[in-house]
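Comments concern the structure below.
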Amino acid sequence: ALWVHESMRIFHDRLNDDPDRKQFIEIVARKLETKFDTSWETVFIEEHVRPIFGRFLGEPDYGDMKGGDDDEDSEQNVFSIQKYQNLTLDMKGLKEKLLERLDACNDDPGAAK
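Going by the working numbering, the sequence shown opens with residue 5, and the numbers climb by one from there.
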C-alpha cells in the first residue's frame, strides 16, 4: 500500500488531466495484481479511494530510538522513528487531527511544529 501512495505522490500528482490520472490508476491496479498478488479493493477497501499515508497520527516507538534524552535532535529523532500508517482507513481520525493542529496554529502560530 505504501508503494501505491509513493507512486501516486511521485507520478499521479503531476498528471494534469483526468484521462491520464485514470489510466495511471488502472496501471497501478494491474501492477498490484501482477507483482503484489493483491488488488486495489483489497488494499484500499473501495475502488475510488486514494491512498494517504503519514507518520503523525500514531505514537512513536521509543524502543527503536537511538541516543539519549539529552540528544539535541531528540524531537527530530522521535519523528523519524514513527511508523508510516495507512491513514486512508481512518479518514475521520485524520480530519480530527488536522483540525486540531489547525486550531493550535490559529491560536498560537509558533505552537504548530
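Glycine is no exception: its CB is placed at the ideal position from the N, C-alpha and C atoms.
Q | Alpha-carbon to alpha-carbon, T42 and Y88 | A | Mapped onto the sequence shown, residue 88 falls at position 84. Mapped onto the sequence shown, residue 42 falls at position 38. Spanning the two alpha carbons is a distance of roughly 20 angstroms.
Evaluate L91 with the Cβ neighbour count: other Cβ atoms within 10 Å of its Cβ, from every protein chain shown; 16 or more gives buried, anything less gives exposed.
As a working mapping, residue 91 is identified with position 87 in the sequence shown. It counts as buried.
Tell me the DSSP secondary structure of F40 in three-state form.
In the sequence shown, residue 40 corresponds to position 36, counting from 1. Assigned with DSSP and collapsed to three states, F40 falls in coil, not helix or strand.
* Would you report the Cα separation of C109 and E100, rounded to the nearest angstrom? -> Within the sequence shown, numbered from 1, the residue matching residue 109 stands at position 105. Within the sequence shown, numbered from 1, the residue matching residue 100 stands at position 96. Each residue's alpha carbon lies about 14 angstroms from the other.
*For W7 versus F40, is the C-beta distance shorter than 9 angstroms?*
If you number the sequence shown from 1, residue 7 lands on position 3. If you number the sequence shown from 1, residue 40 lands on position 36. Yes, they are a contact pair.
What does DSSP give as the partner residue(s) for F57 in the beta ladder?
Translated into the one-based positions of the sequence shown, residue 57 becomes position 53. According to DSSP, F57 bridges with N90.
Q. Of the choices L93, F48, L106, whose alpha-carbon is the least far from that of A33?
A. Working through the sequence shown from its first residue, we reach residue 33 at position 29. Of the candidates L93, F48, L106, the one whose C-alpha sits nearest the C-alpha of A33 is F48.
In the DSSP assignment, find the unbroken alpha helix (DSSP H) run with L98 in it and report its ends. Reading the sequence shown from its first residue, position 94 is the one you call residue 98. Its alpha helix (DSSP H) spans residues 95-111.
Practice item. Could you pull the start and end residues of the alpha helix (DSSP H) that H9 belongs to? Key: On the sequence shown, residue 9 is found 5 positions in, with the first residue counted as 1. Here the alpha helix (DSSP H) through H9 covers 6-14.
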